[in-house]
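J.:
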Ligand code: UGA
């Protein structure tokens, strides 16, 4: 099928490349001239495992091409995806200006096209309830004779596994009113549909709310586990045991129950905040989604405070190695990452930070430029730790688990690790002489005290 993707950011590019790999004929529209030039060269402007290879392959066989000409690209398409950003405004409400701009351009193209075949406009961007209906009505008003349909098709991709998620979706949600458009979307996604009941059609509002509900539910699970770490640390319980204990209940399930120093990224924080505003707009004060956010902010702060109180020396003048800057492993995205809160907290109290990440260093360097004098950027985690008073792990890069810990302990000023992602083994830490503070798990500290007394 002929598919046009408006907006080749993270969601648009992954969707476009995956659709091209399924045999569709895809045109990506990107207005940012730098990004467009990068894409036209066959380079990938974002880091996402597997995406570059698939882009190269699909470009080579002519499955995908890139342009900045919206009108032309819309005129050539049966399906037009709107994948533009819907970032949060300062007050937490959703900035709809990019989507409105894209909607107007599609409208102009439809006005010239005078098509007889159906053009299905797919809103992939995460948008508040009522947006798809508004877009449909706007087009109806502006181009009354046009043959088009609007469907909502929320995306559920995770950064770091986006290609895999796109090609193996748990479900495909389509919101709308046109049976013809539903059939078109069914045909478009046919190669990905393994079970018929995983292709779901519903009305626009249900689809829009499904997206916010999914992200809020996942964030709620994490915040609940994070809140439990407070009790675990108080009563000497182990959050990892509790995770297994509840995750094996088939009604609860094991996913998204990992406690840590707080969730981040461009989606959970934005979508949970938007959910709160969506509730307010409906005249309802949602205590639940408000709590999810408060717990998350507190957890980031609690981790930073733990470093300060367990450091065994004043933070002022201390050197702390931060392992992990990205909001999670396998991405260079640092948006809303817990590491930002931790770094700011430590620097504001007079510490020097040695930062390391496998992919997110450049983004963080640009983001924290006003802290440039207090941050040293380390090419590897071992160098970051040398001479430091503690290591704080903010991202669970798997590479951190297999480092030469005995050697690292020997080079540190004091061998202390604060594990904000519970990714290291307590026994390995103990054996290598570390004082070790995980989240919601018993620390390794008594043994060290005994050793130092001998
Ligand atoms: C999230 C959703 O998982 C996707 O389904 C959705 O499509 C996407 O948002 C979006 O709306 O675009 P993403 O933000 O890429 O995906 O990352 P996740 O893997 O969900 O992780 C989000 C945060 O939660 C990370 O900071 C991660 O470290 C944290 N997390 C995740 C935990 O603290 N514990 C867990 O058990 C899982």
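In this note's numbering, the protein residues as written are 5 to 458. For glycine and all other residues, C-beta sits at the position ideal for the given N, C-alpha and C. Treat the numbers as computed from the prediction; the structure is a model and nothing was measured.
Buried or exposed for residue 320, please, with buried defined as at least 16 other CB atoms from any protein chain shown within 10 angstroms of its CB.
T.: Residue numbering aside, residue 320 sits at position 316 when the chain shown is read from its first letter. Counting Cβ neighbours within 10 Å, residue 320 comes out exposed, since fewer than 16 surround it.
J.: Measure the alpha-carbon distance for residue 455 versus residue 434 and round it to whole angstroms.
T.: The count along the chain shown starts at 1 and reaches residue 455 at position 451. The count along the chain shown starts at 1 and reaches residue 434 at position 430. Only weak support is given to the placement of residue 455: the predicted model assigns it a pLDDT of 44, under 50, and the value that follows is read from those uncertain coordinates. Cα-Cα distance, rounded: 11 angstroms.
J.: So for residue 197, helix, strand or coil by DSSP?
T.: Here residue 197 refers to the residue found at position 193 when the chain shown is read from its first residue. Three-state DSSP puts residue 197 in coil, outside helix and strand.
J.: Could you give the first and the last residue of the continuous beta strand (DSSP E) run that contains residue 206?
T.: Within the chain shown, residue 206 is the residue found at index 202, counting from 1. Per DSSP, residue 206 belongs to the beta strand (DSSP E) from 203–206.
J.: Pick from 146, 354, 105: whose alpha carbon is nearest that of residue 322?
T.: Locating residue 322 in the chain shown gives position 318, counting from the first residue. The shortest Cα separation from residue 322 among 146, 354, 105 belongs to 354.
J.: Would you say the beta carbon of residue 163 comes nearer than 7 angstroms to a heavy atom of the ligand UGA?
T.: For this step, residue 163 is matched to residue 159 along the chain shown. Result yes, Cβ under 7 angstroms from the ligand UGA.
J.: Put residue 369 into one of helix, strand or coil per three-state DSSP.
T.: If you number the chain shown from 1, residue 369 lands on position 365. Residue 369 falls in the helix class under three-state DSSP.
J.: Quick one: does the C-beta of residue 292 sit closer than 7 angstroms to a heavy atom of the ligand UGA?
T.: Translated into the one-based positions of the chain shown, residue 292 becomes position 288. No.
J.: Considering only residues of the stretch 223–306, which uninterrupted alpha helix (DSSP H) runs meet the minimum length of 4 residues and lie entirely inside it, listed in chain order?
T.: With a minimum length of 4 residues, the continuous alpha helix (DSSP H) runs that stay inside the stretch 223–306 are 243–251, 272–285.
J.: Under 7 angstroms: does the beta carbon of residue 174 sit that close to some heavy atom of the ligand UGA?
T.: Here residue 174 is taken as the residue at index 170 of the chain shown, counted from 1. Flag unset: Cβ of residue 174 not near the ligand UGA.
J.: With a cut-off of 8 angstroms on the beta carbons, I'd call residue 75 and residue 109 a contact; round off their distance for me.
T.: As a position in the chain shown, residue 75 is number 71, starting the count at 1. As a position in the chain shown, residue 109 is number 105, starting the count at 1. Yes, residue 75 and residue 109 are in contact; Cβ-Cβ is about 7 angstroms, under 8 angstroms.
J.: Judging by CA-CA distance, which residue of 205, 219, 382 is the nearest neighbour of residue 356?
T.: As a first step, residue 356 is located in the chain shown; it is residue number 352 there, counting from the start. Residue 356 has its Cα closest to that of 382, out of 205, 219, 382.
J.: By a C-beta neighbour count over all protein chains shown, 10 Å radius and 16 as the cutoff for buried, is residue 401 buried or exposed?
T.: By one-based count along the chain shown, residue 401 stands at place 397. Residue 401 is buried by the Cβ-count criterion.
J.: Could you please give me the residues that DSSP links to residue 401 through a beta bridge?
T.: Residue mapping note: residue 401 aligns to position 397 of the chain shown, counting from 1. Paired residue(s): none; residue 401 is not in a bridge.
J.: Spatial neighbours of residue 272 within its chain, please: C-beta separation below 6 angstroms, excluding the five flanking residues on both sides.
T.: What you label residue 272 is simply residue 268 of the chain shown in a count that begins at 1. So the list reads 219, 223, once near-sequence residues are dropped.
J.: In or out: residue 445 buried (at least 16 other Cβ within 10 Å) or exposed?
T.: On the chain shown, position 441 is the one that residue 445 refers to. So residue 445 ends up on the buried side.
J.: Note the first and the last residue of the continuous beta strand (DSSP E) segment covering residue 323.
T.: Taking the chain shown and counting its residues from 1, the one referred to as residue 323 is at position 319. Note, residue 323: beta strand (DSSP E), 323–327.
J.: Could you give the C-beta distance for residue 337 and residue 264, rounded to a whole number, given that I count them as a contact under 8 angstroms?
T.: In the chain shown, the residue the question calls residue 337 occupies position 333. In the chain shown, the residue the question calls residue 264 occupies position 260. The Cβ separation is near 16 angstroms, so there is no contact.
J.: Comparing the CB of residue 302 with every heavy atom of the ligand UGA, is any distance shorter than 7 angstroms?
T.: Stepping through the chain shown from its first residue, residue 302 is reached at position 298. No, the ligand UGA has no heavy atom inside 7 angstroms of this Cβ.
J.: Which same chain residues end up closer than 6 angstroms to residue 349 when comparing Cβ atoms and leaving out the 5 residues on each side of it in sequence?
T.: Your numbering for residue 349 matches position 345 in the chain shown. 308, listed in sequence order.
J.: Among the candidates 425, 429, 430, 386, whose CA atom is the shortest distance from the CA of residue 414?
T.: Mapped onto the chain shown, residue 414 falls at position 410. Among 425, 429, 430, 386, the Cα nearest to that of residue 414 is on 386.
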